[in-house]
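A.B. asks: Following this message is one structure expressed as structure tokens.
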Amino acid sequence: MIVTAAQPVYLSSGDPDYPIIYISPRITEVTGFTPDEFRAIPALWFRRIHPDDKPLVAAEAARTDATGEPFKVEFRFQRKDGRWVWLENNAIMLRDQGGKPLYWHGLLTDITERKRSEMLLSGQLRILERIAQQAPLSEVLEQLCRLVEEQAPDLLASVLLLDQEGRLHHGAAPSLPPDYVAAIEGLPAGPNQGSCGTAAYLREPVVVTDTAVDPRWAAYRDLAQVYGLRACWSVPVVASTGEVLATFALYAQEPRGPEEREWRLIELATQLAGLAIERWREQEQLRYQAGHDLLTGLPNRALFLDRLEHALARAARDPRRVAVLFIDLDGFKQVNDLLGHQAGDELLVQVARRLETTVRAGDTVARFAGDEFTVLLEDLQSLEDAVVVAERMIRVIEEPFVVAGRVVGVSASIGIADSHPGLTDPGALLLAADQALYAAKRAGKARYMVAM
């Protein structure tokens, strides 16, 4: 009965190290070791247990020794070929009349697939939880890659994000060589652009079983060989709208195609990646809308005030100055009344674009309210720097606008206030600029005034 059992059975001594007396031939199928090898090396089975699992196995053995209760434990075991499998060991201890341990009689079960399924389900739930918690996208994608790599230890996972210009950028690749990841940064989506670039371009899976000979890898063949990447299977990550968001890929270090189970992993990972990226985009859009004017795309009042507060905090540690410009459009109401609100909105958008051309990349132009705009200038050497910007703004706004097929004209009145000892509070600085603005309007419009 022992010899023909479907699962490996064993009989070991109750002595220390539990030397094997008998173990059925099925053990070779499960572990790669022969019964003779187990008998020749008394502690072989314990040596091959995963280091993290050894304390649990030892504790369970001690519990059975002390109580006589059946022994049952799950652990990872390293096969002869180096691969890890999950085993469940069920055993009973046989004792002599005096209670001394004589033998362990047990049954070993390969539970690798069951454990993989449990870990896969658990991993999916963790990823979904992190998506719901709005965790950083990079963290979610890395967790996804590691989950797949745990399920397929001889494969390397990668996610590349597709930008609006049709180039792929690093999303996650926890086990790929960093130099390789850097080398493919900005990979274009196109024909014969490796597996990922081609998959993004064709909007369909690309399975390359040998990068050394496949023409789609011709431009990257040497790179792949340097890092031992011999196969790459890539699938586009597609949004619910049909837009390609990214690619998910698995690399193998030997020429081959994906097994059925590996392909199911790719499909699962692609779905989770799509969900994570779409949710991240939604959150980014909400964050953007919370801080920007929907008409002009400029920062809104809330974001402007936040940036002003931070700019003044930085200026307190630096001798350079911060200035606020408060801008009101002269003649806007007349255009709005004459041509309608849609034309007025169009004019505001054009004004916003012109104002943006007058400042540096690190400065902020915001729509404060209605036809009022504010500008935050940082890192100024003197107040004169802000005056130069105000003069430039007045000139660009005085140029005619074409709105609703009509040529119209408006001008800008500007109030300027800069930070200095006694004026470092955001509200006070903004109020000073506002008061200077209305002084400019009273003085004749289309000019600037500096707060005293």
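Note that the sequence shown covers residues 13 to 464 in our numbering.
Yeah, the Cβ is synthetic: ideal placement off N, Cα and C, and Gly gets one too.
Where in the segment 359-443 do unbroken runs of the alpha helix (DSSP H), each at least 4 residues long, occur, reported from the N-terminal end onward?
C.D. replies: For the segment 359-443, whole alpha helix (DSSP H) runs of length 4 or above, ordered along the chain, are 395-410.
A.B. asks: DSSP three-state label for Glu216, please.
C.D. replies: Taking the sequence shown and counting its residues from 1, the one referred to as residue 216 is at position 204. Three-state DSSP puts Glu216 in coil, outside helix and strand.
A.B. asks: Does DSSP classify Lys84 as helix, strand or coil?
C.D. replies: Counting from 1 along the sequence shown, the entry for residue 84 is found at position 72. In this structure, Lys84 counts as strand in the three-state DSSP scheme.
A.B. asks: Near Gln90, what residues of its chain come up, given a Cβ to Cβ distance below 6 Å and the 5 sequence neighbours on each side ignored?
C.D. replies: Position 78 of the sequence shown, counted from the first residue, corresponds to residue 90. Result list for Gln90: Arg60 and Trp96, in chain order.
A.B. asks: Please work out which residues of its chain come closer than 8 Å, Cβ to Cβ, to Glu7, disregarding the five sequence neighbours upstream and downstream, and give them in chain order.
C.D. replies: Absent from the structure is residue 7, since the part of the chain shown begins at 13 and ends at 464.
A.B. asks: Who are the near neighbours of Tyr2 in its chain, counting only those whose CB is closer than 6 Å to its CB and skipping five residues on each side?
C.D. replies: Given that the chain is displayed from residue 13 to residue 464, the structure contains no residue 2 and the question cannot be resolved.
A.B. asks: Between Leu284, Leu350 and Asp122, which has its C-alpha nearest Arg38's C-alpha?
C.D. replies: Residue 38 sits at position 26 when you count from the first residue of the sequence shown. Nearest of Leu284, Leu350 and Asp122 to Arg38, Cα basis: Asp122.
A.B. asks: Report buried or exposed for Val15, applying the criterion of at least 16 other Cβ atoms within 10 angstroms of its Cβ.
C.D. replies: Against the sequence shown, residue 15 aligns to sequence position 3. With a pLDDT of only 42 at Val15, under 50, the local geometry of the prediction cannot be trusted, and no value is derived from it.
A.B. asks: Assign Gln155 to one of two classes, buried (16 or more other C-beta atoms within 10 Å of its C-beta) or exposed (fewer than that).
C.D. replies: Here residue 155 corresponds to residue number 143 of the sequence shown, with the count starting at 1. Per the 10 Å Cβ criterion, buried.
A.B. asks: Any chance the segment 311-330 sits against the segment 275-285, with 3 or more Cβ pairs inside 8 Å?
C.D. replies: no
A.B. asks: How would you call Thr79, buried or exposed, if buried means at least 16 neighbouring beta carbons within 10 angstroms?
C.D. replies: As a working note, residue 79 is residue 67 in the sequence shown. Exposed, by the Cβ-count rule.
A.B. asks: Express the C-alpha separation of Arg242 and Val401 in angstroms, rounding to a whole number.
C.D. replies: To locate residue 401, count along the sequence shown from 1; it is residue 389. To locate residue 242, count along the sequence shown from 1; it is residue 230. Whole-angstrom Cα-Cα distance: 57 Å.
A.B. asks: Just to confirm before moving on: does the CB-CB distance between Leu172 and Leu180 stay below 8 Å?
C.D. replies: Taking the first residue of the sequence shown as 1, we reach residue 172 at position 160. Taking the first residue of the sequence shown as 1, we reach residue 180 at position 168. Yes, the pair counts as a contact, with Cβ atoms nearer than the cut-off.
A.B. asks: Hey, which unbroken runs of the alpha helix (DSSP H) at 4 residues or more fall wholly within the segment 198-264?
C.D. replies: 206-214 and 233-238
A.B. asks: Apart from the five residues on each side of it in sequence, which residues of its chain come closer than 6 Å, Cβ to Cβ, to Val387?
C.D. replies: Stepping through the sequence shown from its first residue, residue 387 is reached at position 375. Around Val387: Leu337 and Val377.
A.B. asks: Run the CB neighbour count on His182, radius 10 Å, all protein chains shown included, and call it buried at 16 or more, exposed below.
C.D. replies: Counted from its first residue, the sequence shown places residue 182 at position 170. With 16 or more Cβ atoms within 10 Å of its Cβ, His182 is classed as buried.
A.B. asks: Output needed for Ala328: all residues of its chain with C-beta closer than 7 Å, excluding positions within five of it in sequence on either side, in chain order.
C.D. replies: On the sequence shown, position 316 is the one that residue 328 refers to. Once the five neighbours on either side are set aside, the close Cβ partners of Ala328 are Thr436.
A.B. asks: Buried or exposed: Met13, going by 16 or more other Cβ atoms within 10 Å of its Cβ?
C.D. replies: Position 1 of the sequence shown, counted from the start, is the residue given in the question as residue 13. Because the pLDDT at Met13 is just 35, under 50, the model does not fix this residue reliably, and the point stays unresolved.
A.B. asks: Where in the segment 53-105 do unbroken runs of the alpha helix (DSSP H), each at least 4 residues long, occur, reported from the N-terminal end onward?
C.D. replies: The qualifying runs are 56-59 and 66-79.
A.B. asks: Just curious, the beta strand (DSSP E) that Ile32 is in, first and last residue?
C.D. replies: Position 20 of the sequence shown holds residue 32. Where Ile32 is concerned, the enclosing beta strand (DSSP E) stretches over Ile32 to Ile35.
A.B. asks: Pull the bridge partners of Ala169 from the DSSP assignment, please.
C.D. replies: Indexing the sequence shown from 1 puts residue 169 at position 157. For Ala169, which the question treats as bridged, DSSP gives the partners Leu262.
A.B. asks: Which ranges does the alpha helix (DSSP H) cover as unbroken runs of at least 4 residues, wholly within the segment 273-320, from first to last along the chain?
C.D. replies: none
A.B. asks: Which two residues bound the contiguous beta strand (DSSP E) that contains Ser187?
C.D. replies: By one-based count along the sequence shown, residue 187 stands at place 175. Per DSSP, Ser187 belongs to no beta strand (DSSP E) and is neither H nor E.
A.B. asks: Of the choices Gly178, Val347, Gly202 and Arg365, whose alpha-carbon is the least far from that of Arg418?
C.D. replies: Counted from its first residue, the sequence shown places residue 418 at position 406. Of the candidates Gly178, Val347, Gly202 and Arg365, the one whose C-alpha sits nearest the C-alpha of Arg418 is Val347.
A.B. asks: Which residues bound the alpha helix (DSSP H) around Ala144?
C.D. replies: For this step, residue 144 is matched to residue 132 along the sequence shown. Segment Thr124 to Ala144, the alpha helix (DSSP H) holding Ala144.
A.B. asks: Within 10 angstroms of the Cβ of Glu410, are there 16 or more other Cβ atoms? Answer buried if so, exposed if not.
C.D. replies: Against the sequence shown, residue 410 aligns to sequence position 398. Burial call: exposed.
A.B. asks: Along the chain, where does the beta strand (DSSP E) that runs through Ile339 open and close?
C.D. replies: The residue given as residue 339 occupies position 327 in the sequence shown. From DSSP, the beta strand (DSSP E) with Ile339 extends over Arg333 to Asp342.
A.B. asks: What three-state label does DSSP hand Met13 in the structure shown?
C.D. replies: Position 1 of the sequence shown, counted from the start, is the residue given in the question as residue 13. Any answer about Met13 is weak, because its pLDDT of 35 lies below 50 and its placement is not dependable; what the coordinates show is given next. Coil at Met13, not helix or strand.
A.B. asks: Looking at C-beta atoms only, is the number of pairs between the segment 448-462 and the segment 414-434 that lie closer than 8 Å three or more?
C.D. replies: yes
A.B. asks: Have a look at Val420 and Val363 and give me their C-alpha separation to the nearest angstrom.
C.D. replies: Locating residue 420 in the sequence shown gives position 408, counting from the first residue. Locating residue 363 in the sequence shown gives position 351, counting from the first residue. If you take the alpha carbons of Val420 and Val363, they lie about 12 Å apart.
A.B. asks: Quick one: what's got a C-beta closer than 6 Å to Glu100's C-beta in the same chain, skipping five residues either side?
C.D. replies: On the sequence shown, position 88 is the one that residue 100 refers to. Counting only Cβ-Cβ distances below 6 Å, and skipping sequence neighbours, we find Glu86, Thr121 and Ile123.
A.B. asks: DSSP three-state call for Pro20: helix, strand or coil?
C.D. replies: In the sequence shown, residue 20 corresponds to position 8, counting from 1. In this structure, Pro20 counts as coil in the three-state DSSP scheme.
A.B. asks: Give a yes or no on whether the minimum CB-CB distance between Leu360 and chain D is below 8 Å.
C.D. replies: Of the chains in the structure shown, none is chain D; there is only one protein chain.
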